[in-house]
Every structure is written in structure tokens, then in C-alpha cells.
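Residue numbers in the sequence shown follow the numbering used here, run continuously in steps of one, and reach 196 at the last position.
Below: the structure, in C-alpha cells.
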Amino acid sequence: MSRERELRSPLRYAASLAVAWSTGAVPHHCYANVRNALDEMPFLHDAFLVEGFLLWEQETRCVVIEHAWCQQQQGSVIDPSIVLLASIRQARCWYRPGIIHEPSAWRALAAADLPTVHLRDREEEGASLPVSYQEAYQTALSLAHRFAEARVPPKEVVIEPSLALASLHPPFRLHTHVVSSSDWLTGTHHHTREP
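Here it is in C-alpha cells:
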């Protein structure tokens, strides 16, 4: 893989923002946000659910975040979580997949089943992380150090394990009813309320 391609972010920011709004995504709930997006957005039904690491280069820091996102078949990323925290200019993000769940596998997972692997597992006696997850972590960390040291002054490298909030505090569900502007103007739309 060329260095230029390696450093190009696959994030589809506008599409990710649309998915976040459409599914009621909540900041810091990446596992539930991704699981909901895969269920609710037809264009993502054949996408992969990915657990891995996000490298987010900020103004003074390079942050390696344990994270989850949707990856489309052609490799582009739909991330309904990062777009809630960063504007399009601030979202300098690179993704390193550790565990890739095919559509048949993620359909069997509930939001409460995620994450299936976690950095804290390294600290448990006898526990080990899958090799692909360890490699994703090391790659993201190496890239973070490379970016941090290339800046003047050097940036701080920060590691943020996920809080696994999907199972602790599932996000609320926001239901909307979309009507066309012509129906709205003519008053022919029907307003329904969710229970």
C-alpha cells in the first residue's frame, strides 16, 4: 500500500453525519451507534461492523481511540460517532480494523454484545487479544507517534480505551417522520406519534 493511500482517510463525512442524524446517534456510544446504523440504514445492510482503532489527529494531540464503525464493501467508512465530536475540518481520522464482522455475523450481535474484544482484556489474567486486534492497535499507535513527532512542536500521544457504553447506557431512540416539502406546504401530510 502506498504511503499516500495509507494516510488518506476513508471517512465519508457527509454520509456519516446523515446516518448519525437519521438514527439518533449519541456521542461516546460508538458500538450502539454502529449497530443501530447497520440495522436502520438500507444502504449499510451489506456493510461490515468493524472493531478496531481510530487515530484522530487534533490540534495538540494524536489520539488513538478504541472504536467501532461501519465499513462498506469498497472500503469507505461510515462513522456515525466521530461526526458528533468533530467538524469536517477537525475530522482528520485514520481507521485501523482489528475485528471485522461480516453481515451474517453482526446480525447475530446485539448492541449489548459489543465490544466483542476490548483493550482491558490485556489486563485480565490468562486473557489475550486476537492477533489482528493487537496488530491494529500497534499500527495505530505507531502512526500516532509518527504524526506527533513530525509536528512542531511535537504533539502528545493519547490512548483512549473504549468505555463500552453500548451495554451500560444504550442510547435513546429518536423517531422522526419525513414528509416532502410539497406535502407539508399543502397540508396533506399525516402526522403520527411514536408511543
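The beta-carbon is built from N, C-alpha and C at its ideal position, and this holds for glycine as well.
Since this is a predicted model, take the numbers as computed values, not measurements.
Does the Cβ-Cβ distance between residue i and residue j come in under 7 Å?
{"i": "ALA151", "j": "CYS63", "result": "no"}
{"i": "TRP107", "j": "LEU45", "result": "no"}
{"i": "ALA87", "j": "ALA33", "result": "no"}
{"i": "ALA92", "j": "ILE83", "result": "yes"}
{"i": "GLU67", "j": "SER163", "result": "yes"}
{"i": "CYS71", "j": "VAL35", "result": "yes"}
Tell me the rounded alpha-carbon separation between residue i and residue j.
{"i": "LYS156", "j": "THR24", "result": "34 Å"}
{"i": "PRO171", "j": "VAL153", "result": "Bear in mind that the predicted position of PRO171 carries a pLDDT of just 43, short of 50, making it unreliable; the figure below should be weighed with that in mind. So the two alpha carbons sit approximately 41 Å from each other."}
{"i": "ALA26", "j": "ALA145", "result": "27 Å"}
{"i": "PRO11", "j": "GLY76", "result": "7 Å"}
{"i": "ALA48", "j": "ASP40", "result": "10 Å"}
{"i": "PHE54", "j": "ILE101", "result": "12 Å"}
{"i": "ILE256", "j": "VAL132", "result": "The chain is shown only over 2 to 196; residue 256 falls outside these bounds and no answer can be derived."}
Just confirm the distance between the C-beta atoms of residue i and residue j, as a whole number of angstroms; I'd bet it's less than 8 Å.
{"i": "PRO81", "j": "ALA21", "result": "4 Å"}
{"i": "GLU136", "j": "VAL65", "result": "About 14 Å separates the two Cβ atoms, so there is no contact after all."}
Where do the N-terminal and C-terminal ends of the alpha helix (DSSP H) with residue i fall, by residue?
{"i": "GLN135", "result": "132-151"}
{"i": "VAL20", "result": "14-24"}
Got a sec, what are the start and stop residues for the beta strand (DSSP E) residue i sits in?
{"i": "GLU41", "result": "From DSSP, GLU41 is part of no beta strand (DSSP E) but of the alpha helix (DSSP H) over 31-41."}
{"i": "LEU56", "result": "49-58"}
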